[in-house]
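As you go down the protein sequences, you meet chains A and B in turn.
Using the working numbering, you'd call the opening residue of the first sequence number 491 and step up by one each time.
Using the working numbering, you'd call the opening residue of the second sequence number 491 and step up by one each time.
2 protein chains.
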Amino acid sequence: MESTIAYEEMRQLATRVFMRHGVPADEANITSEVLVEANARGHDSHGVIRIPKWIEGISSGAIKSRFLPRALNDCSSAIWLDGGQCLGPVVAEYACHLAVRQARDYGIAMVSVKNASHIGMLGFYAELMARSGCIGIIATNTESGVAPHGSAEKVFGTNPLAIGCPTLSGPVFLDMSTSVVARGKVVLAQRAGAAIPEGWAVDSRGQPTTDPNQALAGALLPVGGPKGSGLSFFVDILCGALSGTAVGKDVRGTFDMRQSGSKGDIFIAIDPEKIGGIDRFTGLAQHLVDQVRQSTPAVGCDRVLVPGEYEMNFRKQRMENGIPLASDLISELKALAGE
Amino acid sequence: MESTIAYEEMRQLATRVFMRHGVPADEANITSEVLVEANARGHDSHGVIRIPKWIEGISSGAIKSRFLPRALNDCSSAIWLDGGQCLGPVVAEYACHLAVRQARDYGIAMVSVKNASHIGMLGFYAELMARSGCIGIIATNTESGVAPHGSAEKVFGTNPLAIGCPTLSGPVFLDMSTSVVARGKVVLAQRAGAAIPEGWAVDSRGQPTTDPNQALAGALLPVGGPKGSGLSFFVDILCGALSGTAVGKDVRGTFDMRQSGSKGDIFIAIDPEKIGGIDRFTGLAQHLVDQVRQSTPAVGCDRVLVPGEYEMNFRKQRMENGIPLASDLISELKALAGE
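Structure below.
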């Protein structure tokens, strides 16, 4: 059974769940916002459905709250930040603001994060940096589930990356995994007893499969073969290797949240103000947006969208009509809030 | 008819061609090296076949030599560099060294380049920065040829990006266009009278086509649909919008070299020494390389390769056996060298 819940109601419920488990109000607020925003944008797999797992992580002590930022190096433009195993969205929001603030001085600045828990949907942070007037680049490595190109074995995570920038008509942002699809879509097909399209996954011998069970026993495929495989490799490098945590199969804590997170995150901010001025930049960015939007749609397409536009259109609908959620999940969250 | 020419012989011939057209020896050397390296790695479309067009650009005055670096802003970590319409590889090599040198101090540094001509194969620069001990990220925007996802119209270029890093066993690097294939592969099919695979391109109405003529009248497709489309969008942002030049359909000078280049390039260097030390970083990067190489190959694959390995294996063969080239092209290059 499915119910519909209003955005604000869902956000407050999520906040109460976190607060009931010892998370201070400000940290509960930002964490809830990141999760509910994922639902609002149609990325339900990254939304409040994850809360029970996060609460398991908090209850087991693997995820901590009361984040106290601690830089591990002495470099104002490339900061190595210890997340203290704290809630990912809390650490990530701090990292975004820090990267943007330092980019104001240095033109480009980076925050390399170790020991933060799952940071949720990356598009949130790309948009945040874009709203601050910067180009934002964010990536995170995750538990393995994706076979390198030509391999039968899970090595990479779905290793997502996001990029955003300001334009005259507001932020534009891309948020993508480097796999063809998210693991959640295969799980949904499995539950529905449906086949998956060819090209999503391989079985445990590395052969193409349309059977979701074999796919889950095997591995997801990287998007675009060697291209997605290479991008996924370098997300592991930029996040896990650079922050000095784990890479490839060693990454823990993004799926099973009772394990301490051993992945890394990277936040890069570029301030166009230092390269000829923000006005010129946003004008050119808008010009590209206009070119894309005004281009002739392919037969069968209504409109040509810019990155992030699909999600933001989706968000408008859900802000008006509410967020559809399984009734069981709402009950479970209310129980977790002690209601 | 095809001949085979030794790497060093080709490099010297190319150098003589550029010098005969007024390019000083050092600039002719690096330009030739970037082009011949593309041939050596199997990217013939980015190799010496381009020299006649580059010479057209030099002869017409659109491409200049004797590059004098001129920073357009006052920011040591985010440098805005005027390429003075000079030879792309000369400007790009300088930008790489500058980014690396500044990253030694700042941890991360960026060079945003305007007014450089075509910089050739990006993997060359990713490898160069990796050999200097840095993570290198390079991108460039190019003349339009790719339809945004859902569009029937060319807006983006093939907008390539490259990333490289050091490991204990040498540099690893990814060099990819954000389209499914390079335009050159469609031209080759057209010449051979062969069909192209579905998924490469659309006709001028935006419908899938396997006819190379219709594909060239239409547009190439971005890799992975909205993902490659989003990456291509942000290559235009990071290169054209940030450097204050042109974006999307306005980009000139990468295909028709007699037109002054209006694209931009970006070079980002990250020095892992500032984030916990280079030894720890290269150890983790090597660990990821080992995980990929030691993973079980999919049925039908011999070995699982890391990014750039295919190219470097190819290079070994061509260093031993020489570079196969059309005899006509060799004659044309000799004529251009006045021989």
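The beta carbon of each residue, even a glycine, is placed where N, CA and C say it ideally should be.
Between the alpha carbons of residue 560 of chain B and residue 572 of chain B lies a distance of about 6 angstroms. Contact check for residue 536 of chain A against residue 635 of chain A fails: the beta carbons are separated by 8 angstroms or more. Taking a C-beta distance under 8 angstroms as the contact criterion, residue 820 of chain A and residue 529 of chain A do not qualify as a contact pair.
In the DSSP assignment, residue 571 of chain B falls within the unbroken beta strand (DSSP E) covering 568-576. Using a Cβ distance threshold of 8 angstroms, residue 606 of chain B and residue 599 of chain B do not count as a contacting pair.
Under the three-state reduction of DSSP output, residue 780 of chain B falls in the helix class. The closest CA to that of residue 826 of chain A, considering only A:532, A:493, A:525 and A:546, is found on A:546.
Taking every protein chain shown into account, the CB of residue 790 of chain A has fewer than 16 other CB atoms within 10 angstroms, so this residue is exposed.
In terms of CA proximity to residue 669 of chain A, A:632 leads the group A:632, A:659, A:701 and A:679. For residue 563 of chain A, the nearest CB of chain B lies under 8 angstroms from its own CB, placing it at the interface with that chain. Per DSSP, reduced to three states, the secondary structure at residue 579 of chain B is helical.
Per the coordinates, the alpha-carbon of residue 639 of chain B lies some 26 angstroms from the alpha-carbon of residue 760 of chain A.
Within the DSSP bridge table, the entry for residue 655 of chain A names A:662 as partners.
In the three-state scheme derived from DSSP, where H, G and I count as helix and E and B as strand, residue 710 of chain A is classed as strand. Residue burial is scored here from C-beta neighbours: residue 784 of chain B has fewer than 16 other C-beta atoms within 10 angstroms and is therefore classed as exposed. The contact set of residue 645 of chain A on chain B, defined by CB atoms closer than 7 angstroms, consists of 781, 782 and 785 in chain order. Residue 518 of chain A counts as buried, since no fewer than 16 other beta carbons sit within 10 angstroms of its beta carbon. Near chain B, meaning a CB-to-CB distance below 8 angstroms, the residues of the region 608-626 of chain A are 625.
Selection A:733, A:774 and A:641 evaluated against residue 775 of chain B yields A:733 as nearest (Cα-Cα).
About 15 angstroms separates the beta carbon of residue 738 of chain B from that of residue 751 of chain B, a gap too long to meet the 8 angstroms contact definition. Restricted to the region 722-778 of chain A, the beta strand (DSSP E) segments that are unbroken, complete and at least 3 residues in length are 754-760, listed in chain order. Every unbroken stretch of the beta strand (DSSP E) spanning 3 or more residues and falling wholly within the region 593-630 of chain B is given here in chain order: 598-606 and 625-630. Within the model, the alpha-carbon separation for residue 622 of chain B versus residue 786 of chain A is close to 45 angstroms. Under DSSP, residue 494 of chain A forms a beta bridge with A:814. Secondary structure note for residue 553 of chain B: it is in no alpha helix (DSSP H), with a DSSP letter that is neither H nor E. Residue 645 of chain A and residue 614 of chain A have their C-alpha atoms roughly 27 angstroms apart. Among the residues facing chain B, residue 802 of chain A is not included, as its CB has no counterpart in that chain under 8 angstroms away.
In the three-state scheme derived from DSSP, where H, G and I count as helix and E and B as strand, residue 641 of chain B is classed as strand. Under the Cβ distance rule, residue 697 of chain B counts among the residues neighbouring chain A, one pair being separated by less than 8 angstroms. When the five nearest sequence neighbours on each side are left out, the beta carbons in the same chain lying within less than 7 angstroms of the beta carbon of residue 686 of chain B are those of 676, 679, 700, 702 and 705, in order along the chain. If you ignore the 5 residues before and after residue 498 of chain A, its C-beta comes within less than 8 angstroms of no other C-beta in its own chain. Going by DSSP, residue 529 of chain A is part of the alpha helix (DSSP H) stretching over 515-530. Short of 8 angstroms from the beta carbon of residue 496 of chain A, and not among the five residues preceding or following it, lie these beta carbons of its own chain, in chain order: 812 and 813. The residues 569 and 601, in chain order, have a CB closer than 7 angstroms to that of residue 588 of chain B in the same chain once the five nearest residues on each side in sequence are set aside.
Rounded to whole angstroms, the gap between the alpha carbons of residue 513 of chain B and residue 608 of chain B is 16 angstroms. For the region 704-724 of chain A, the residues whose beta carbon sits under 8 angstroms from a beta carbon of chain B are, in order, 713, 714, 716, 717, 718, 719, 720, 721, 723 and 724.
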